[in-house]
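> First, the structure itself, so that you have it in front of you.
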Amino acid sequence: LSNYLPITQFEPPPADWWKEGNTPIIYAGGEFDKSNLKPINESRSLLEDEFSECADRWENQVGLHSSPVVRFMHKDYQTIMAKGKSVIPFILERMKKKPDDWFWALKHITGEDAAEKADSFDTAIKAWLEWGAENGYISE
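Note that the sequence shown covers residues 160 to 299 in our numbering.
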């Protein structure tokens, strides 16, 4: 027993140590500037970032294609659909700003067809946006 180091009390710093403006954060590469950090709730989520990256790439790569197979079987469109209901608000918000053919994804994710009676692209967009507001996915 005498070969072992004595047990000492360890007192961790308070949980809010990082809130103190003058406490530097040190990491292997040097001191970290935390002045530009934002609380998590003010920054975009990782899911939203991934959605935007996939949606941008999908739009760029299939924008001129009219083939539904090319558009809807694209890797990024399928990746977005695989995220399920969690991406519905992102799809609907994107449809507000940049209308595109998200109807197939929405129909398969939700199991509904809000644009079933739509007679044009614009009325289909409007129908899905109304559906999204009525179901609490987006604000009007």
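Note that beta-carbon positions come from the ideal geometry of N, C-alpha and C, so glycine has one too.
Report yes if the C-beta distance between Ala-283 and Ala-274 is below 8 Å; otherwise report no.
As a working mapping, residue 283 is identified with position 124 in the sequence shown. As a working mapping, residue 274 is identified with position 115 in the sequence shown. Yes, they are a contact pair.
> Taking all protein chains shown into account, decide if Lys-234 is buried (16 or more other Cβ within 10 angstroms of its Cβ) or exposed.
Counted from its first residue, the sequence shown places residue 234 at position 75. Looking at its Cβ environment, which holds fewer than 16 other Cβ atoms inside 10 Å, Lys-234 is exposed.
> Less than 6 Å between C-beta atoms, sequence neighbours within five positions excluded: which residues of the same chain meet that for Ile-199?
The residue given as residue 199 occupies position 40 in the sequence shown. At Ile-199 the pLDDT is 49, less than 50, meaning the model places this residue with poor confidence; the figure from the coordinates comes in the next sentence. Within the same chain, Ile-199 has no close Cβ partners at all.
> So is Met-254 buried or exposed if we call it buried at 16+ other beta carbons inside 10 Å?
In the sequence shown, counting from the first residue as 1, residue 254 sits at position 95. Buried is the call here.
> Does DSSP put Trp-261 in a helix, a strand or coil?
Locating residue 261 in the sequence shown gives position 102, counting from the first residue. Looking at Trp-261 - three-state DSSP - the assignment turns out to be coil, as it is neither helix nor strand.
> Enumerate in chain order the residues of its own chain whose CB-to-CB distance from Thr-243 is below 8 Å, with the five nearest sequence positions on each side excluded.
Translated into the one-based positions of the sequence shown, residue 243 becomes position 84. Looking at the sequence shown, residue 243 is not Thr but Gly. Same-chain partners within the cutoff: Ile-268.
> Please state if the CB of Ile-247 and the CB of Ala-307 are separated by a distance shorter than 8 Å.
Because the chain in this structure spans residues 160 to 299, residue 307 falls outside the shown range and cannot be described.
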